[in-house]
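Working notes, structure below.
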Amino acid sequence: MLLNHPENQQVENKQVENKQVENKQARRILVTGSSRGIGKAIALQLAQAGFDITIHARSRMAEAEAVAQDIQALGRESHCLQFDVNDRTEIERILTQDMAQHGAFYGVVLNAGLTRDGAFPALSDEDWDQVIDTSLHGFYNVLKPLIMPMIRLKQGGRIVTLSSVSGVMGNRGQVNYSAAKAGLIGATKAMALELAKRKITVNCVAPGLIDTEMVTDEVKEHALNMIPMQRLGQVEEVAATVKFLCSDEASYITRQVISVNGGLI
Numbered sequence: 001m002l003l004n005h006p007e008n009q010q011v012e013n014k015q016v017e018n019k020q021v022e023n024k025q026a027r028r029i030l031v032t033g034s035s036r037g038i039g040k041a042i043a044l045q046l047a048q049a050g051f052d053i054t055i056h057a058r059s060r061m062a063e064a065e066a067v068a069q070d071i072q073a074l075g076r077e078s079h080c081l082q083f084d085v086n087d088r089t090e091i092e093r094i095l096t097q098d099m100a101q102h103g104a105f106y107g108v109v110l111n112a113g114l115t116r117d118g119a120f121p122a123l124s125d126e127d128w129d130q131v132i133d134t135s136l137h138g139f140y141n142v143l144k145p146l147i148m149p150m151i152r153l154k155q156g157g158r159i160v161t162l163s164s165v166s167g168v169m170g171n172r173g174q175v176n177y178s179a180a181k182a183g184l185i186g187a188t189k190a191m192a193l194e195l196a197k198r199k200i201t202v203n204c205v206a207p208g209l210i211d212t213e214m215v216t217d218e219v220k221e222h223a224l225n226m227i228p229m230q231r232l233g234q235v236e237e238v239a240a241t242v243k244f245l246c247s248d249e250a251s252y253i254t255r256q257v258i259s260v261n262g263g264l265i
């Protein structure tokens, strides 16, 4: 019989081994862009909630390693991966190797992003491409190698994308960023439909103005006149929303965009 062929037996054994590894690490979450800011806060809160966390950074590996050490101090497993979310070939290689060693992911938080602000006529091709590629190609590049292993776990799962108030309402001087984040919302909603029967929820968090190192004092002052709550949000508030969406209590919430913006829209 074909099932007794040595090559088939090796395949079966490999599948069993992979399944054992997957089951062992069924509650592991990858957080992209998690060396600092919102991503770091998300990683720490998810670890506090009992998840093992895989940290990701494109270049700030010393900061990423420090976050991993903080998570390990909480009693959770954590290690770092380094890749550019635009490098499809490299991502597939790194994530495939990582899953072979640690098992499939239970969840993914897509936080990596960047801005290249400016009036539309002043935008360069690079300004447009980098912002669009990081959000939209990053969505595809990171999730493509991970989805089927998540499905094979048959334990449900969580995917959370980070959009922005700019993706919901548009923002002057951010045509590229608004387009990227609006596209991410569309991709999130479509993915949610495809994965709902697999009990994998897919949601989007859209932060408003959050107090990070990238926000200048001038922006803060201007924001106080725009935001009904008259303050900037904190990274911990965004992280708490993501943590809830990754929890068992959020198992019936999917295809949603949750705004964290102090009533801005």
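Numbering follows the UniProt record's numbering, in which position 32 of the sequence shown is assigned residue number 32; successive positions increment by one, without gaps. For each residue, glycine too, the CB sits at the ideal point set by N, CA and C. Quick caveat, the model's predicted, so the values are computed rather than measured.
Residues bridged to Leu81 by DSSP? Leu81 pairs with His56.
Taking C-beta to C-beta, are Val175 and Phe139 nearer than 8 Å? no
Give the straight-line distance between the Cα atoms of Arg255 and Arg88, rounded to the nearest whole angstrom. 26 Å
Going by beta-carbon coordinates alone, are Leu95 and Ser135 separated by less than 8 Å? no
Considering only residues of the same chain and omitting the five flanking positions on each side of Ala26, which have a CB-CB separation below 8 Å? Legend: pLDDT at Ala26 = 47, less than 50; position of this residue unreliable, value from coordinates given subsequently. Correct list, in chain order: Gly103, Ala104, Tyr106, Leu153 and Gln155.
Would you report the Cα separation of Gln101 and Glu90, rounded to the nearest angstrom? 17 Å
Using a 10 Å radius around the Cβ and a threshold of 16 neighbouring Cβ atoms, would you call Met148 buried or exposed? exposed
To the nearest angstrom, report how far apart Leu259 and Ala62 are at their CA atoms. Just to set this straight, residue 259 is Ser in the shown sequence, not Leu. Distance between the alpha carbons of Ser259 and Ala62: 31 Å.
So what does Gly107 bridge to, in DSSP terms? Ile29 and Arg158
Taking Cβ to Cβ, would you say Tyr177 is nearer than 8 Å to Thr115? yes
For the structure I just gave you, are there three or more beta carbon pairs, one from the stretch 122–131 and one from the stretch 68–77, closer than 8 Å? No, because fewer than three Cβ pairs between the stretch 122–131 and the stretch 68–77 fall closer than 8 Å, the two stretches do not touch.
Looking at the secondary structure, which residues open and close the alpha helix (DSSP H) in which Ala100 lies? Arg88 to His102
When the distance is taken between beta carbons, is Met229 closer than 8 Å to Gly262? Annotated as proximal: Gly262 and Met229, with beta-carbon spacing under 8 Å.
List the whole-angstrom C-beta distance separating Arg158 from Leu245, where the pair is believed to meet the contact cut-off of C-beta under 8 Å. Arg158 to Leu245, Cβ: 7 Å. Contact.
Taking a contact to mean a Cβ-Cβ separation below 8 Å, would you say Val165 touches Gly208 in this structure? yes
Along the beta strand (DSSP E) that carries Ile258, what are the first and last residues, could you check? Val257 to Val260
Taking all protein chains shown into account, decide if Leu193 is buried (16 or more other Cβ within 10 angstroms of its Cβ) or exposed. exposed
For the alpha helix (DSSP H) that contains Val205, what are its first and last residues? First-last for Val205: Ile200 to Pro207, but that is the beta strand (DSSP E), not the alpha helix (DSSP H).
Does the Cβ of Val219 have 16 or more other Cβ atoms within 10 Å, making it buried, or fewer, making it exposed? By the 10 Å Cβ count, Val219 comes out exposed.
Who are Gly233's beta bridge partners in DSSP? Ile210
Contact defined as beta carbons within less than 8 Å: I believe Thr241 pairs with Cys204. What is the distance between those atoms, to the nearest angstrom? The pair is not a contact, with the Cβ atoms about 11 Å apart (cut-off 8 Å).
Among residues of its own chain, excluding the 5 on either side of Ala180, which ones have a beta-carbon nearer than 8 Å to its beta-carbon? Gly113, Val131, Ile132, Thr134, Ser135, Leu136 and Gly167
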